[in-house]
Amino acid sequence: MTAGSPPGVPPASPPVSPPGSPPGSASGSPPGSASGVLRIGNASGFYGDRFDALREMLTGGPLDVLTGDYLAELTMLILGRDRLKNPDAGYAKTFLRQLEEGLGLAHERGVRIVTNAGGLNPAGLAAAVRALAERVGVPVRVAHVEGDDLLARGGWGDGVLTANAYLGGAGIAACLRAGADVVVTGRVTDAALVTGPAAAHFGWDAGDPDRPGDLDALAGAVVAGHVLECGTQATGGNYSFFTRHDVRRPGFPLAEIHADGSAVITKHDGTGGVVDLGTVTAQLLYETGGARYAGPDVTARLDTVRLDQDGPDRVRISGVRGEPPPPALKVGLNRLGGLRNEIVFVLTGLDIDAKARLVRGQVEDALAGRRPAEVRWELARTDRPDAGTEETASALLRLVVRDSDPEVVGRAVSGAAVELALGSYPGFHVTAPPGTGVPYGVFEAAYVDASEAAHTAVLPDGRRVAVPAPLRTRALEPVPPPPPPEPLPAGLPTRRAPLGLVVGARSGDKGGDANVGVWARSEDGWRWLAHELTTGRFRELIPESRELTVVRHLLPRLRAVNFTVEGLLGEGVAARARFDPQAKALGEWLRARHADIPEVLL
2 MTAGSPPGVP PASPPVSPPG SPPGSASGSP PGSASGVLRI GNASGFYGDR FDALREMLTG
62 GPLDVLTGDY LAELTMLILG RDRLKNPDAG YAKTFLRQLE EGLGLAHERG VRIVTNAGGL
122 NPAGLAAAVR ALAERVGVPV RVAHVEGDDL LARGGWGDGV LTANAYLGGA GIAACLRAGA
182 DVVVTGRVTD AALVTGPAAA HFGWDAGDPD RPGDLDALAG AVVAGHVLEC GTQATGGNYS
242 FFTRHDVRRP GFPLAEIHAD GSAVITKHDG TGGVVDLGTV TAQLLYETGG ARYAGPDVTA
302 RLDTVRLDQD GPDRVRISGV RGEPPPPALK VGLNRLGGLR NEIVFVLTGL DIDAKARLVR
362 GQVEDALAGR RPAEVRWELA RTDRPDAGTE ETASALLRLV VRDSDPEVVG RAVSGAAVEL
422 ALGSYPGFHV TAPPGTGVPY GVFEAAYVDA SEAAHTAVLP DGRRVAVPAP LRTRALEPVP
482 PPPPPEPLPA GLPTRRAPLG LVVGARSGDK GGDANVGVWA RSEDGWRWLA HELTTGRFRE
542 LIPESRELTV VRHLLPRLRA VNFTVEGLLG EGVAARARFD PQAKALGEWL RARHADIPEV
602 LL
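To convert, take the position in the sequence shown, counting from 1, and add 1; that gives the numbering used here.
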């Protein structure tokens with residue numbers, strides 16, 4: 002063990018191979034002083050993403066490392082249910098099918114693959130990759146990272162199906178330093194897929210008190226990893242200003258990472274989509290909160306991020322400052338919450354409100370004796386007057402029920418709806434035949450001391466190496482709010498118009514909370530946005546948030562405000578308590594709301 006290496010972690014050598022080198026070969030740069038640029042690409046943003054992306058990324062241009070992010074809160078629940086049926090399951094099977102062709106391509110090009118597709122069974126997926134490699138005749142060294150599964154620890158309460166700590170990238174780095182060509186992990190942070198390879202290549206060590214600059218470098222890699230993690234969301238997918246670009250088939254993103262942690266976000270030449278300040282800002286705000294973006298490797302200060310256009314389809318990220326990570330690890334808990342049923346009544350033509358009142362009253366009367374624990378009605382007025390088609394003349398009345406008793410959410414509800422078919426509102430029909438109740442999940446977050454997770458790198462030769470918890474930590478605390486910019490001059494003429502004409506937005510979920518990041522495209526737009534979109538104004542525009550806690554964060558360097566709406570999503574995406582259970586379109590709804598906008602911005 003070389004001096005300065007944490008106990009149990011292999012020395013930081015060799016760095017990750019450059020493009021075109023034989024898998025596992027050293028680049029020749031000594032640890033801690035690796036020169037050049039490390040090119041890390043992404044080929045998956047979720048379990049079910051574009052199947053041929055792995056091949057596209059391997060053949061589209063030079064890469065050193067290719068990552069794949071397959072995990073989300075809902076995915077862990079799905080994998081947990083798979084594991085109940087088969088103890089040998091619990092990983093993303095799609096990845097194996099993608100690798101049948103991709104493994105040989107990666108080997109030929111000297112590209113290492115790092116993925117969290119291991120889910121709840123990284124050892125099982127690693128073994129399956131070895132078997133695949135033997136079958137297709139590709140000599141690769143496979144390693145995996147484990148220790149995130151804390152289900153056996155207990156103390157999580159009743160009905161918990163999965164309990165996984167969000168690990169950092171140190172285990173990945175240990176595997177790569179030991180010469181792994183493929184690294185499979187379980188639940189690590191999405192950004193760890195980038196921080197691990199970068200730390201291995203450049204020799205960063207956030208735990209070394211004599212190297213405080215490595216915190217900044219790691220923080221820069223965290224920001225780059227956060228931009229890459231959702232795949233084509235960084236290259237024009239799900240983008241507010243999509244009509245200004247051709248985003249029919251956006252290419253997947255990659256980051257050119259430098260030794261100081263700065264990076265350029267780009268994509269392979271000739272692929273679709275766009276990489277500009279807007280697409281990168283949108284993804285940077287996605288599913289974040291305040292200025293401190295905490296992770297197990299480092300806490301990145303989002304209020305220090307600088308973005309610059311560095312040429313066509315190139316955005317440079319620089320200036321990111323890092324702080325020691327918090328002492329606790331986040332643990333994602335999934336449990337089965339009960340059963341759920343849904344019926345959507347179609348209401349067509351005239352008297353929509355009266356039709357909704359009639360059928361709602363009839364169903365409520367039928368359920369009076371065996372009413373489910375939760376009954377939720379929503380009327381979506383999708384109808385138009387004097388419509389040219391029957392569909393556009395119709396509104397949707399949605400009934401969602403939840404209970405632990407399958408009879409109460411199943412036959413009792415379905416029967417109540419079916420029996421009304423000939424005795425309710427004129428034109429009675431539903432979008433699909435009523436069915437039985439289906440299980441739904443509930444997501445919760447817990448926190449444990451980082452030492453409670455037995456973070457372990459299982460190297461290609463089978464050695465098990467303990468990855469110690471960070472030596473330096475810092476408890477999270479809010480950053481004092483920055484002063485807002487100078488407002489625009491008073492008395493400017495205004496026009497009533499949608500917010501989205503002058504601002505972009507991206508929204509998403511974190512458990513039961515929703516986040517909405519809103520950014521301005523110009524300095525004058527920022528001066529107006531920072532004063533116009535207060536928490537009070539947000540509550541006016543998004544009525545669902547009026548009784549909830551709404552927290553606003555100003556990020557002046559990004560010309561952005563970021564809102565967290567606590568409890569908007571109830572018990573999380575798997576509970577499907579809301580029409581848009583992951584708040585993916587919440588930002589677009591906000592952009593569609595009207596405000597008095599200064600004409601100079603329009």
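Note that beta-carbon positions come from the ideal geometry of N, C-alpha and C, so glycine has one too.
query: Excluding sequence positions up to five away, which residues of its chain have a Cβ less than 7 Å from the Cβ of Gly148?
result: Excluding residues up to 5 positions away in sequence, Leu168, Ala454, Ala455, His456 and Thr457 lie with their Cβ nearer than 7 Å to the Cβ of Gly148 in the same chain.
- prompt: For Glu257, which residues does DSSP report across the bridge?
  reply: Bridge partners of Glu257: Arg40 and Val265.
- request: Classify Ala144 as helix, strand or coil using the three-state DSSP reduction.
  value: The answer is strand: DSSP assigns Ala144 an E or B state.
- prompt: Do His145 and Val184 have their C-beta atoms within less than 9 Å of each other?
  reply: Yes.
message: So, for Leu106: in the same chain, excluding its five sequence neighbours on each side, which residues have a beta-carbon less than 7 Å away from its beta-carbon?
response: Correct list, in chain order: Arg56, Leu59 and Thr60.
message: Less than 9 Å between the C-beta atoms of Ala292 and Asp309, yes or no?
response: Cβ distance not < 9 Å, so Ala292 and Asp309 don't count as in contact.
- prompt: Just to confirm, are Ala199 and Asp206 a CB contact at a threshold of 9 Å?
  reply: Contact check for Ala199 against Asp206 fails: the beta carbons are separated by 9 Å or more.
- prompt: What residues match up with Ile318 in a beta bridge as DSSP calls it?
  reply: DSSP lists Ala264 and Leu308 as partners of Ile318.
- request: Take the Cβ of Val604 as the centre, count every other Cβ of all protein chains shown within 10 Å, and call the residue buried at 16 or more, exposed below.
  value: Here the chain has residues from 2 to 603 only, and residue 604 is not among them.
- request: Look up Ser395 in the DSSP assignment and say whether it is helix, strand or coil.
  value: Strand, per DSSP.
C-alpha gap between Thr282 and Asp191, whole angstroms: The straight-line gap from Cα to Cα measures roughly 17 Å.
field: Residue burial classification, Ala604 (beta-carbon count within 10 angstroms, cutoff 16)
entry: Nothing can be reported for residue 604: it is not among the residues displayed for the chain, which extend from 2 to 603.
message: Give me the residue from Val224, Arg317, Glu572 and Ile114 with the minimum Cα distance to Ile266.
response: Selection Val224, Arg317, Glu572 and Ile114 evaluated against Ile266 yields Arg317 as nearest (Cα-Cα).
query: Between Ala446 and Ser425, what straight-line distance do the alpha-carbon atoms span, to the nearest angstrom?
result: Their backbone Cα atoms lie some 44 Å apart in a straight line.
query: Which residue's Cα is closest to the Cα of His532: Leu587, Ala596 and Thr300?
result: Out of Leu587, Ala596 and Thr300, the CA that lies nearest to the CA of His532 is found in Ala596.
field: Same chain, Cβ closer than 6 Å to Asp311, neighbours up to 5 away in sequence not counted
entry: Around Asp311: Val265 and Arg317.
task: Return the CA-CA distance between Val38 and His259, expressed in angstroms with no decimal places.
output: The straight-line gap from Cα to Cα measures roughly 5 Å.
- prompt: Beta carbon of Val332, beta carbon of Tyr448: below 9 Å?
  reply: Yes, they are a contact pair.
field: Coarse secondary structure for Ala205, derived from DSSP in three states
entry: The question names Ala, yet the displayed sequence has Trp at residue 205. Per DSSP, reduced to three states, the secondary structure at Trp205 is coil, with no helix or strand assignment.
- request: Alpha carbon to alpha carbon, how far is Ile173 from Ala13? Give it in angstroms, no decimals.
  value: The predicted position of Ala13 is uncertain, since its pLDDT is 38 and thus under 50; a value taken from the coordinates is nonetheless stated next. Their backbone Cα atoms lie some 12 Å apart in a straight line.
field: Of the residues Arg403, Thr393 and Tyr287, the one placed nearest Lys585, counting alpha carbons only
entry: For Lys585, the nearest C-alpha among the options comes from Tyr287.
- prompt: Can you tell me the Cα-Cα spacing of Ser22 and Gly252, whole angstroms?
  reply: The predicted position of Ser22 is uncertain, since its pLDDT is 39 and thus under 50; a value taken from the coordinates is nonetheless stated next. Cα to Cα, Ser22 sits roughly 25 Å from Gly252.
Sequence ranges, beta strand (DSSP E) only - wholly within the region 52-86, length at least 3: Restricted to the region 52-86, the beta strand (DSSP E) segments that are unbroken, complete and at least 3 residues in length are 66-69, listed in chain order.
task: Tell me whether Ser523 is buried or exposed, calling it buried when 16 or more other Cβ atoms sit within 10 Å of its Cβ.
output: By the neighbour-count rule (16 or more Cβ atoms within 10 Å), Ser523 is not buried but exposed.
message: Among Ile41, Phe47, Pro373 and Leu368, whose alpha-carbon lies nearest the alpha-carbon of Ala418?
response: Distances from the alpha-carbon of Ala418 to those of Ile41, Phe47, Pro373 and Leu368 put Leu368 closest.
message: Out of Arg341, Gly290, Leu472 and Leu489, which one is the CA nearest neighbour of Val562?
response: Comparing alpha-carbon positions, the option among Arg341, Gly290, Leu472 and Leu489 lying closest to Val562 turns out to be Gly290.
- prompt: What's the gap between the Cα of Gly42 and the Cα of Arg528?
  reply: C-alpha separation (whole angstroms): 35 Å.
- prompt: Measuring CB to CB, does Ser241 end up less than 9 Å from Glu589?
  reply: Yes, they are a contact pair.
field: Span separating the alpha-carbon of Gly62 from that of Gly501
entry: Rounded to whole angstroms, Gly62 to Gly501 spans 36 Å at the Cα level.
task: Could you tell me the distance, in whole angstroms, from the CA atom of Gly509 to the CA atom of Gly442?
output: About 18 Å.
- prompt: Three-state secondary structure (DSSP) at Asp150?
  reply: Strand at Asp150.
- request: Using only alpha-carbon positions, find the residue among Cys231, Ala476 and Pro486 that is nearest to Leu255.
  value: Considering only alpha carbons, the answer is Cys231.
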